[in-house]
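Chemist: Structure in structure tokens, see below.
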Amino acid sequence: MLTLTNVTLHFGERPMFDEVSLFIGTEDRIGLVGRNGAGKSTLLKILAGEQRFDTGNLGRPRELTLGYLPQEMTHDLELTPRQVAEKAFQEAQKLKESLERIEKDLETTTDNDELMELAEMCAHAHERLNALGAADHDGQIETILKGIGFVGSDMDRPLKEMSGGWRMRAELARILLVRPDLLLLDEPTNHLDLPAIQWLEDLLKTYPAAIVLISHDKTFLDRLTKRTVEVYQGKLIDRKVSWSKFVEVRKEERERQAKAALEQQRYIEETQVLINKFRAKKDKAAFAQSLITKLEKLERIEVEDEDLRKMIVRFPPAPLSGKLVCEVMGVSKSYGSKEIFRDAELIIAKGEHLALVGANGTGKSTLVRMISGKEPHTGEIKLGHNVVLGHYAQDATDTLDPKKTVMETAEYAASEDNMKRVRSMLGAFLFSKDDVDKPVRVLSGGERARLALCCMLLRPLNFLLLDEPTHHLDIQSKDVLKEALKNYDGTFLLVSHDRDFLHGLTTRLLELDDHRIRDQHMDILELIEKRKALQASDMGQSSKRETVKADPKDKAEYHERKDREKERRRLMNQVERAEEQMAKLEAEEKELQASVMKSGTDAAALQKGYDRMSEIAKRIAEHMKEWESAGARLQEFGDEIA
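In this text, residue positions in the sequence shown follow this note's numbering: the first is 359, and each later residue adds one.
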């Protein structure tokens, strides 16, 4: 269907591709993988006909229809998502006009060859019209827009009122409605929430087109692709397996190469011994020369180096904080008439690893900004004793100063104590000697993401708010970040739609739904299966549910949960207050001990100091008893206080 032959491309002196070839068949499902900067997006542009190359050839049939979704594109901001989607059927209109012309020509043409050609054109036009589903455009537009996340009036709001992610969704809807022969998708899940990712995954599983897909979502790749092409050091490594199998296959191949190279080296050394032994002997000189010729013609086995460069992320030890890290009490938030939260409640304890999940628009990023103090709200959000907060926002890469160098950016972010660690930290995030002097404006999306993460680690923190930290990171970097978060001894609250990244990472999920925060003590994959089961059981029952009155038992359970949460919060506050009081008393005790140890203190002052220390010891014992009692009660709620 589409053939790339011996394509070479240079950007200035930098070689991007060296005589690469690729064939894409009508039923191919290809995952395009590789490190950030390897050239995946560039290759997709070449396949789409939007990137020129130095030498080689791109061959594709004239009738091939192609849908290309880049990572970045310009949009007509005056259009609505519905109007963008309707553009998909411009081809159908042109086909209808073309059919009318063909049918007129068929009536008047007498030449047999021309008749055959017109008949073929007519058949192809009818085929495309059927594929486009020209009979029910409005229904298809509604279905696709809803599936991808647009609700009600949002379909008719102008794009200028929407974020870049929603604009890309509208474009994706248009491409899917076109029903092209070949789909070229560059990170299509980047701006999708979990429900939309699952919907797209289900749609693409049976979508009648060949697909070439760039994604850093391992689950998405594994479920959709049957062939993996890695862009590696200017070459393409092509295997007919999904991503997870590809990793295993490549490991086995490198092991075989290494073994064969070792055996070949042993043969070369043994042959060299024979050459040295016989080359000085007249009767063996010809034999020695034949061995030399043989070695010269021997094709050396090269072992493909595994790209072992990876980020080295180790979060510095978290400064000590109180047991209660954050408390959200009766918080409400609205944007105009759109309600986001209503009397939301949340308690985050020290050491918890939490993830916020839910559909786009439920308030995940809003909640993170409210906790960080960057978003106004009603109600109270209280940070605990000695909590030091760090916020990695969705737009963290955009807020970096493009004029500053990598080194200047990191130095500006570093605390005074960490200033000496700046260069080594940048090295751990794959910024080598020359890279540190690059201005931020020339960095790729992945490099900016690494720099923003590095800057956050150059300050001592014990509560991390991470909003989509894996955007722009390649698969290897995401794995490293996940492992670092697993081992982090502080507290974090994470927003992510990446199922593989979340799997096994969190101690608790917070699902945002119906203006509330729901506790889900399960793994992300369990929650997805639970939601699927609920969705299946709810099909066809919505109208019936509307007429059913609320069960009194459900109301009782709801009030019981509220009471338990209130009691839990009271106990957490009691623990926190006891800790604060003990910390103050211990600090005073330390000062008194230092003062009574000084020589020259009169007897009356000494006695007064000892009396105060005795009183402090009693009060510390009282607060300790209070702390232990509240802690024991909290353990009944499943909270670990020790």
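All C-beta atoms, glycine included, are put in the ideal place defined by N, C-alpha and C.
For the alpha helix (DSSP H) containing Asn634, list its first residue and its last residue.
Modeler: Per DSSP, Asn634 belongs to the alpha helix (DSSP H) from Trp601 to Phe636.
Chemist: Going along the chain, which residues of its own chain have a beta-carbon closer than 6 Å to the beta-carbon of Leu860, five neighbours each way excluded?
Modeler: Hits under 6 Å: Ala713, Ser854 and Ile882.
Chemist: So what does DSSP say about Arg418, is it helix, strand or coil?
Modeler: Coil, per DSSP.
Chemist: Below 8 Å, how does it come out for the segment 650-662 and the segment 822-834: are there three or more Cβ pairs, yes or no?
Modeler: The segment 650-662 is not in contact with the segment 822-834.
Chemist: CA-CA distance, Ile698 and Thr720?
Modeler: Roughly 6 Å between the two C-alpha positions.
Chemist: Can you check which of these residues, Ala717, Asn820, Leu550 and Glu377, is closest to Pro677 by C-alpha distance?
Modeler: Answer by Cα proximity: Asn820.
Chemist: Buried or exposed for Gly510, going by 16 or more other Cβ atoms inside 10 Å?
Modeler: Looking at its Cβ environment, which holds fewer than 16 other Cβ atoms inside 10 Å, Gly510 is exposed.
Chemist: In the structure shown, what three-state DSSP assignment does Leu758 receive?
Modeler: It is coil, neither helix nor strand.
Chemist: Would you give the residue range spanned by the alpha helix (DSSP H) that Leu843 belongs to?
Modeler: Element bounds for Leu843: Ile833 to Lys844.
Chemist: Taking 8 Å as the threshold, find out whether the segment 597-605 comes into contact with the segment 568-586 through three or more Cβ pairs.
Modeler: As far as the Cβ criterion goes, the segment 597-605 touches the segment 568-586, which means the pair count is three or higher.
Chemist: Going along the chain, which unbroken runs of the beta strand (DSSP E) with 3 or more residues stay wholly within the segment 545-608?
Modeler: Within the segment 545-608, the complete beta strand (DSSP E) runs of at least 3 residues are 568-572, 585-590 and 593-597.
Chemist: Just how far apart, CA to CA, sit Leu943 and Lys681?
Modeler: Cα-Cα distance, rounded: 18 Å.
Chemist: Which residues mark the beginning and the end of the alpha helix (DSSP H) in which Thr501 is found?
Modeler: Counting along the chain, the alpha helix (DSSP H) containing Thr501 begins and ends at His495 to Gly505.
Chemist: Taking Met431 as the reference, which of Trp524, Gly592, Ile499 and Gly395 has the closest Cα?
Modeler: Of the candidates Trp524, Gly592, Ile499 and Gly395, the one whose C-alpha sits nearest the C-alpha of Met431 is Trp524.
Chemist: Are the segment 436-447 and the segment 494-505 touching by the rule of at least three beta carbon pairs closer than 8 Å?
Modeler: The segment 436-447, when compared against the segment 494-505, does touch it at the 8 Å Cβ threshold.
Chemist: Are the beta-carbon atoms of Leu543 and Leu427 separated by less than 7 Å?
Modeler: In contact: Leu543 and Leu427 (Cβ atoms closer than 7 Å).
Chemist: Once the 5 residues before and after Ala406 are set aside, which same chain residues still bring their CB inside 6 Å of it?
Modeler: For Ala406, where only same-chain residues beyond five positions count, the Cβ hits under 6 Å are Tyr426 and Leu542.
Chemist: Check Phe645 in the structure and name its three-state DSSP category.
Modeler: In this structure, Phe645 counts as helix in the three-state DSSP scheme.
Chemist: Would you kindly work out how many angstroms separate the C-alpha atoms of Met783 and Thr763, rounded to a whole number?
Modeler: Straight-line Cα distance between these residues: approximately 15 Å.
Chemist: Between the alpha carbons of Gln451 and Arg486, how many angstroms are there, rounded?
Modeler: Taking the straight line from one Cα to the other gives about 11 Å.
Chemist: Please name the residue, chosen from Arg970, Phe411 and Glu887, that lies closest to Phe369 on a Cα-to-Cα basis.
Modeler: Looking at the Cα atoms, Phe411 is the closest of the given residues.
Chemist: Measuring CA to CA, which of Glu949, Asp753, Leu562 and Phe375 is closest to Val726?
Modeler: Among Glu949, Asp753, Leu562 and Phe375, the Cα nearest to that of Val726 belongs to Asp753.
Chemist: Which residues does DSSP pair with Gln878 in a beta bridge?
Modeler: Partner(s): Leu867.
Chemist: Of all the options Glu986, Met940 and Ala990, which has the alpha carbon lying nearest to the alpha carbon of Lys976?
Modeler: Nearest C-alpha to Lys976: Met940.
Chemist: What residue ranges within the segment 665-747 form continuous alpha helix (DSSP H) runs of no fewer than 4 residues, ordered along the chain?
Modeler: For the segment 665-747, whole alpha helix (DSSP H) runs of length 4 or above, ordered along the chain, are 722-729.
Chemist: May I have the straight-line CA-CA distance separating Ile569 from Leu561, to the nearest angstrom?
Modeler: Taking the straight line from one Cα to the other gives about 12 Å.
Chemist: Please give the ranges of any alpha helix (DSSP H) in the segment 378-430, keeping only runs that are unbroken, at least 4 residues long and fully inside the region.
Modeler: The segment 378-430 contains these whole alpha helix (DSSP H) runs: 398-405.
Chemist: Take every Cβ of the segment 755-762, pair it with every Cβ of the segment 798-814, and state whether three or more of those distances are shorter than 8 Å.
Modeler: Taking 8 Å as the limit for Cβ pairs, the verdict is that the segment 798-814 does touch the segment 755-762.
Chemist: According to the neighbour-count rule (16 or more other Cβ atoms, all chains shown, within 10 Å of its Cβ), is Asn415 buried or exposed?
Modeler: With fewer than 16 Cβ atoms within 10 Å of its Cβ, Asn415 is classed as exposed.
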